[in-house]
Amino acid sequence: MSNSRAVVVKRLPETMSVKEAQELLRELAPLLEEDLPRLVFDFSDVRQLDSAGIEMLLRCMEEAMKRNGDVKLAAISPQVAVILELTRVDRLFEIFENPSDAVESFHRFPVQAFRQTEVPGNTGLAADSPDTVSH
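Residues 1071 to 1205 (the working numbering) are what the sequence shown spells out, left to right.
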C-alpha cells in the first residue's frame, strides 16, 4: 500500500451543531474506515460551533488515529478559535492558516525525525548508535 493517499479537504457549514455533525459523521465514515485517512477540515465558513461539533471533531480524530491517519484544521475564525481554546481541543489538532497549508503539511517529512541526540564528548551520535562503543 502506498503512503501517497489523497488528502480530503472538507469545507464545514456555517453552523456546526447536532444535525450538521451527525450528517458529517455519516458522510465521512467510509473515509475514516480506510487505512491512513488524511482529512483537513476547512473552517472558512464556520461561525457557530457547539459541543456536538466539538464531539464530531474528536470522533473523527479518534477514528483517523486508529488507522494511522490524521485530521488537521484550517482557516479558523477568532470566534471559533476561542471555543477550541476553552475546550482545550486546540491542543489536539494541528491548525493552519488555510487549507492548502494543511494539505501541504501531509507531504512534508517531520524535521524532528532527522535530528540526532547529542551526547557530551561524542560527535553528535546518539548513545545507542552502532558507532559508539561502551566499555
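All C-beta atoms, glycine included, are put in the ideal place defined by N, C-alpha and C.
> Can you pull the DSSP bridge partners for I1165?
Replying inline: Taking the sequence shown and counting its residues from 1, the one referred to as residue 1165 is at position 95. L1143, per the DSSP bridge assignment.
> In or out: A1099 buried (at least 16 other Cβ within 10 Å) or exposed?
Replying inline: Translated into the one-based positions of the sequence shown, residue 1099 becomes position 29. A1099 comes out exposed.
> CA-CA distance, F1245 and A1091?
Replying inline: Residue 1245 falls outside the range modelled here, since the chain spans only 1071 to 1205, and no answer is possible.
> What residues are listed by DSSP as bridge partners for R1108?
Replying inline: As a first step, residue 1108 must be located in the sequence shown, where it is residue number 38. Its beta-bridge partners are D1140.
>> Comparing C-alpha positions only, which one of E1093, V1116 and M1126 sits nearest to Q1149?
In response: Position 79 of the sequence shown, counting from 1, holds the residue named residue 1149. Measuring from the Cα of Q1149, the nearest candidate turns out to be V1116.
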